[in-house]
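Numbering-wise, this note's numbering comes out as the position in the sequence shown, counting from 1, plus 31. I have placed the structure first, in the form of structure tokens, so that the comments after it can refer back to it.
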Amino acid sequence: MPSSNRSSPKAKAAPRSARPATRKPESTAARAPAPNARTGRKVALDKKVPAFALPATGGKTWKLADAAGKKLVVYFYPRDNTPGCTREGEAFRDLYPAFKRAGTLVVGISPDSIKSHEKFREAFAFPFDLLSDETRAVCELFDVIKEKSLYGRKYMGVERSTFLIDERGVLRREWRKVKVPGHAEEVLAAAKAL
């Protein structure tokens with residue numbers, strides 16, 4: 032049975048250029064971890080950090096709500112198994128018992144895969160979770176994706192940065208363009224002072 036919306040069989044279809052452009056609606060299914068990052072919203076000092084969730088080592092999903100009632104250090108690093116990132120992780124690892132005594136959780140975030148994180152965590156015995164932000168949505172939320180240069184080649188990558196969030200989920204301190212030596216000690220002192 033012919034549809035009432037169709038033209039007669041003798042009518043010719045309009046050429047492609049004359050047809051109105053149509054767009055398929057975008058799927059929202061793949062946007063799970065940090066919808067706020069997609070809106071351009073960024074974290075700000077003395078403001079509540081928007082909820083986010085990311086795949087974590089140990090086969091789980093880590094949510095910001097998991098840190099409710101505790102202070103939280105979120106450190107962003109460029110890449111697993113690189114010298115600076117390894118030294119930074121080791122510094123947080125070595126001070127982890129002191130962070131725990133100060134009621135502070137620590138998590139590391141990079142765009143690396145969970146598989147890479149699992150190997151990195153095991154190789155250096157990190158006692159805290161590493162979170163995988165392959166879409167860079169949480170990196171964007173914390174505004175740590177910056178233009179970088181390596182041997183004259185420009186690219187967008189993670190700028191080493193650390194954030195201290197209080198027990199109510201409010202961002203209290205941030206460190207950007209982090210230099211590794213002495214950094215974990217400085218963050219621990221700030222966590223103790225909160």
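All C-beta atoms in this analysis are idealised placements derived from N, C-alpha and C, irrespective of residue type, glycine included. Source: prediction; values computed, not measured.
Please go through the same chain and pick out, in chain order, the residues whose beta-carbon is closer than 8 Å to the beta-carbon of residue 176, but skip the five residues on each side of it. What you label residue 176 is simply residue 145 of the sequence shown in a count that begins at 1. Closer than 8 Å at Cβ, skipping near neighbours: 167, 170, 187, 188, 189 and 190.
Based on Cα-Cα distance, which residue from 198, 155, 165 and 120 lies nearest to residue 85? If you number the sequence shown from 1, residue 85 lands on position 54. Comparing Cα positions, the closest option is 165.
Residue 223 versus residue 178 - alpha carbon distance: Within the sequence shown, numbered from 1, the residue matching residue 223 stands at position 192. Within the sequence shown, numbered from 1, the residue matching residue 178 stands at position 147. One C-alpha to the other measures close to 33 Å.
What is the DSSP secondary structure of residue 195, reduced to helix, strand or coil? For the purposes of this step, residue 195 is identified with residue 164 of the sequence shown, where counting begins at 1. Residue state, collapsed to three classes: strand.
Do residue 113 and residue 219 come within 9 Å of each other at the CB atom, strictly closer than that value? Position 188 of the sequence shown, counted from the first residue, corresponds to residue 219. Position 82 of the sequence shown, counted from the first residue, corresponds to residue 113. No, these two residues do not count as a Cβ contact at 9 Å.
Of the listed residues 209, 193 and 212, nearest to residue 76 (C-alpha basis): Mapped onto the sequence shown, residue 76 falls at position 45. It is 193.
Along the beta strand (DSSP E) that carries residue 123, what are the first and last residues, could you check? By 1-based counting over the sequence shown, the position of residue 123 is 92. That residue, residue 123, is in no beta strand (DSSP E); its alpha helix (DSSP H) goes 114-132.
Candidates 221, 203 and 212: closest to residue 79 by CA position: Reading the sequence shown from its first residue, position 48 is the one you call residue 79. Closest option to residue 79, Cα to Cα, is 203.
Straight-line Cα distance separating residue 201 from residue 118: Taking the first residue of the sequence shown as 1, we reach residue 118 at position 87. Taking the first residue of the sequence shown as 1, we reach residue 201 at position 170. Rounded to whole angstroms, residue 118 to residue 201 spans 28 Å at the Cα level.
Taking just the CA atoms, how far does residue 195 sit from residue 96? Residue 96 sits at position 65 when you count from the first residue of the sequence shown. Residue 195 sits at position 164 when you count from the first residue of the sequence shown. Roughly 15 Å separates the two Cα atoms.
Measuring CB to CB, does residue 161 end up less than 9 Å from residue 180? The count along the sequence shown starts at 1 and reaches residue 161 at position 130. The count along the sequence shown starts at 1 and reaches residue 180 at position 149. It is not a contact, given that the beta carbons lie outside the stated cut-off.
Identify which residue in 89, 120, 98 and 88 has its Cα closest to the Cα of residue 82. Here residue 82 is taken as the residue at index 51 of the sequence shown, counted from 1. When only C-alpha atoms are compared, the closest one is 98.
Might you give, ordered along the chain, the residues of its own chain that have their beta carbon closer than 6 Å to the beta carbon of residue 87, omitting 5 neighbours on each side? Looking up residue 87 in the sequence shown gives position 56. Excluding residues within five positions, the ones whose Cβ falls inside 6 Å are 93, 160 and 162.
Between residue 143 and residue 111, how many whole angstroms is the CB-CB distance? I'm expecting something under 8 Å. The residue labelled residue 143 in the question sits at position 112 within the sequence shown. The residue labelled residue 111 in the question sits at position 80 within the sequence shown. Confirmed, about 5 Å.
Among 100, 151 and 127, which has the Cα closest to the Cα of residue 199? As a first step, residue 199 must be located in the sequence shown, where it is residue number 168. Comparing Cα-Cα distances from residue 199 to each of 100, 151 and 127, the minimum goes to 100.
Output the distance between the C-alpha atoms of residue 104 and residue 72, rounded to the nearest integer angstrom. As a working note, residue 104 is residue 73 in the sequence shown. As a working note, residue 72 is residue 41 in the sequence shown. Each residue's alpha carbon lies about 20 Å from the other.
Under the three-state DSSP convention, the category residue 147 falls into: Numbered from its first residue, the sequence shown carries residue 147 at position 116. It is helical.
Quick one: measure Cβ to Cβ for residue 214 and residue 122, integer angstroms, because I've assumed they're closer than 8 Å. Here residue 214 corresponds to residue number 183 of the sequence shown, with the count starting at 1. Here residue 122 corresponds to residue number 91 of the sequence shown, with the count starting at 1. At roughly 7 Å, the Cβ-Cβ gap stays under 8 Å, so residue 214 and residue 122 are in contact.
Output the distance between the C-alpha atoms of residue 149 and residue 131, rounded to the nearest integer angstrom. As a first step, residue 149 is located in the sequence shown; it is residue number 118 there, counting from the start. As a first step, residue 131 is located in the sequence shown; it is residue number 100 there, counting from the start. Using only the alpha carbons, I get a separation of about 22 Å.
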